[in-house]
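Heads up, the sequence shown is in the numbering used here, so the first residue is 1 and it goes up one at a time. This report refers to the structure that appears directly beneath it.
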Amino acid sequence: MGLVQSLVSCQPPTFKIVMMGMYMVGKTTILYRLKDNKTSSLKDTPYTNPSLGFNVETIKVNKSLHLYIWDVSSLSAITKIRYQIFPGCRGIIYVLESTILEDSEKLTETREDLLSIVKDAELDGQPLLILVNKMDMDKSSNIIDRITTYFNFNEMIKNGRAWSIFPITATTGQGLNEAIHWLDNQLTNSINGTKSNH
Ligand SMILES: Nc1nc2c(ncn2[C@@H]2O[C@H](COP(=O)(O)OP(=O)(O)OP(=O)(O)O)[C@@H](O)[C@H]2O)c(=O)[nH]1
Ligand SMILES: [Mg+2]
């Protein structure tokens with residue numbers, strides 16, 4: 001729903017968001033955790049299968065903002081079909097695992113994937129929320145700093161794009177509210193015409 005239609009219908013604006021990341025990092029778990037909005041409840045862990053295409057859900061963040069999140073299968077990066085859904089997107093969620101620094105193959109693939117996303121003209125300037133998922137599996141300290149340093153996000157994400165990185169555990173919902181709150185702020189600022197960085 002566009003902004004003008006939202007104002008006319010008194011419905012909150014709904015922003016199309018694309019969520020991407022390598023295979024099995026937890027994208028679909030995040031989507032259904034957000035949809036159910038059941039945080040800190042281990043027994044309600046969403047059940048997922050490897051996604052073949054897209055999963056799409058409307059997430060009612062609050063009374064003034066809804067997100068229409070496209071969970072894009074990692075396979076779609078290989079088949080290039082994900083580019084078809086980029087038009088009209090207003091924000092990006094990129095998911096990594098807390099254990100990524102231990103997997104050199106995934107590190108290389110992730111760097112290439114992220115670079116292609118930040119260079120994509122259709123997604124130019126859109127806020128980028130980086131989620132480091134599976135924090136329950138993290139055995140090290142300062143993993144967010146170490147991942148940020150490894151990828152050199154400050155250098156990689158240029159052109160004044162707002163970005164931020166949050167630790168989460170999708171199975172429990174830990175950290176998700178804070179992360180989505182950051183995205184909510186970016187999108188609300190874009191409606192109000194103000195711009196903030198991370
Ligand atoms: N330990 C742990 N496991 C998780 C977490 N989030 C997701 N998982 C598990 O990781 C596996 C993959 O999760 P999915 O949500 O299907 O991952 P995906 O990124 O959608 O995978 P593709 O659709 O194949 O790209 C599942 O077994 C999840 O239960 C988490 O925070 N901690
Ligand atoms: Mg999936």
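Beta carbons: idealized from backbone N, C-alpha and C, even for Gly. All figures in this text were calculated on a predicted structure; none of them were measured in a lab.
In this structure, the beta-carbon distance from Phe-54 to Val-25 does not fall below 8 Å. Residue burial is scored here from C-beta neighbours: Arg-33 has at least 16 other C-beta atoms within 10 angstroms and is therefore classed as buried.
With a cut-off of 7 Å, the C-beta of Met-137 is classified as near ligand 1, since at least one heavy atom of the ligand falls inside that distance.
Three or more Cβ pairs closer than 8 Å define a contact, and the region 90-101 meets that threshold against the region 122-138. Between ligand 1 and the CB of Lys-134, the shortest heavy atom gap is smaller than 7 Å.
For Ser-164, no alpha helix (DSSP H) segment is defined; the enclosing uninterrupted segment is the beta strand (DSSP E) at 163-167. Looking at the DSSP output, Trp-182 shares a beta bridge with no other residue.
Annotation for Thr-48 indicates a beta carbon within 7 Å of some heavy atom of ligand 2.
Counting only the Cα atoms, Ser-74 lies some 19 Å from Glu-122.
Taking all protein chains shown into account, Lys-60 has fewer than 16 neighbouring C-beta atoms within 10 Å of its C-beta and is therefore exposed. Following the DSSP letters along the chain, one finds Thr-29 inside the alpha helix (DSSP H) bounded by residues 27-36. Less than 8 Å divides the Cβ of Leu-129 from the Cβ of Ile-93. As computed with DSSP, Glu-97 is found in a beta bridge with Asn-133. Judged by pairs of C-beta atoms under 8 Å, the region 142-151 touches the region 164-182, as three or more such pairs exist.
Residue burial annotation: Pro-50 is exposed, with fewer than 16 other C-beta atoms found within 10 angstroms of its C-beta.
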